[in-house]
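Residue numbers (our numbering): 998 to 1423. Every residue, glycine too, gets a C-beta built ideally from N, C-alpha and C.
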């Protein structure tokens, strides 16, 4: 009987190791993948980032195109009298000529410059969109990395707890065979063992899903080797909310992109006002007749395209540009407020999760372990039933898992703050 109690005592004492000590246990026999290396790999290989970068590269080629004069038109003329055949008039007519010339459209001064500036603002907006995609993908890599780190640590905890429960079950069976226990205690221990097996299987499924998500973000084949993560550690948030908000207003690509849209619409209004002025066309023609009778002709034509339908074209165009400008300003304000709201939520999440982690480390987990140790002593001396001991045991397991989940959520909140502010908090 004493050997049975010694067995369960030795097994359960392993649970009394502090959470920080258990955190240092390796979670994988393989080399852990560095988060920094995975982020660099995602930035190189992720197709979403590549597509956004190519879109930006394409947009940078537009400003010179739209700010350049239209292509000139080359004109070749042949005139003859007396025959429809080309050049026949030179032998059977008193008058025939051949002409060479070109025509060039010239927009009103300032229009080409404005179109180039508008295209440049469009390219700037696409660049900020590329930066948003890049940050979102990297934040998702961090999120999945921390989730995978939590699930890997949970797998280690569950495997260890499964062995402890197996030993507890054997001890309960030994107690039952000695006549001190009852069959209900044995069945309860077996049930908890099966429940734990279910949790292990569910955790393995979640690990598989997160592994697939990480490989997709890294553009790795799904059949490639799984990724091992380093043990999670807490990162302290040293910035105030006001500092984070100032960084977001200065560095957030969505806010910057919306500002570029507002600036673009201001230029669009200026261009719409320019459309009230005429465009021009310049033509030059050289004509050659019979050189023995006539000298060559030279002709220059200057044309003006007059915007006479202002009420149906230019004025609605200006009204549209001004309405789009007002819409862009309102959207910018709304998005800025939305980012401030999300940043506040993330800041509170990170701040409160730090407090929770401290409560787990310094309060809940030590208290639960102390309760388990006292319950174990009471169970050995027949002063407490198995149900109370098992409840204390499960409390320790639950709190241990909650600690690592809270740590994962804390690091994820910091990743979202980094995405919004552009700061590096680690």
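For residue 1241, the closest C-alpha among the options 1151, 1344, 1251 is that of 1344. For the segment 1290-1357, the continuous beta strand (DSSP E) assignments of 3+ residues that do not extend past its boundaries occur at 1294-1302, in sequence order.
A distance below 6 Å between beta-carbons, with the five flanking residues on each side excluded, links residue 1127 to the following residues of its chain, in chain order: 1049, 1050, 1053.
Considered as a whole, the segment 1059-1127 harbours 1070-1077, 1093-1103 as its complete beta strand (DSSP E) runs of no fewer than 3 residues, in chain order. Taking a cut-off of 8 Å on C-beta distances, the segment 1230-1244 touches the segment 1330-1346, as three or more cross pairs fall below it. With respect to the 8 Å criterion, residue 1214 and residue 1351 are not classified as neighbours on the basis of their beta carbons.
The bridge partners DSSP lists for residue 1401 come to none. Taking the CA atoms as reference points, residue 1197 sits about 50 Å from residue 1120.
8 Å or more divides the Cβ of residue 1092 from the Cβ of residue 1070.
Residue 1278 carries a strand assignment under DSSP once its states are collapsed to helix, strand and coil. Taken through DSSP and simplified to helix, strand or coil, residue 1409 comes out as helix. Collapsing the DSSP output to three states places residue 1285 in a strand. A straight-line Cα-Cα distance of about 23 Å links residue 1138 and residue 1252. Residue 1151 holds the alpha-carbon nearest to the alpha-carbon of residue 1204 among 1162, 1250, 1151. Rounded to whole angstroms, the separation of the alpha carbons of residue 1033 and residue 1105 is 53 Å.
DSSP, read as helix, strand or coil, puts residue 1226 in strand.
Just so you know, the alpha carbons of residue 1265 and residue 1414 end up roughly 34 Å apart. For residue 1262, the uninterrupted alpha helix (DSSP H) run begins and ends at 1250-1271, by DSSP. Using a Cβ distance threshold of 8 Å, residue 1418 and residue 1245 count as a contacting pair.
Spatial neighbours of residue 1112 in its own chain (CB-CB distance under 8 Å, excluding positions within 5 residues in sequence) are listed in chain order as 1063, 1064, 1268. Residue 1366 holds the alpha-carbon nearest to the alpha-carbon of residue 1394 among 1141, 1348, 1076, 1366.
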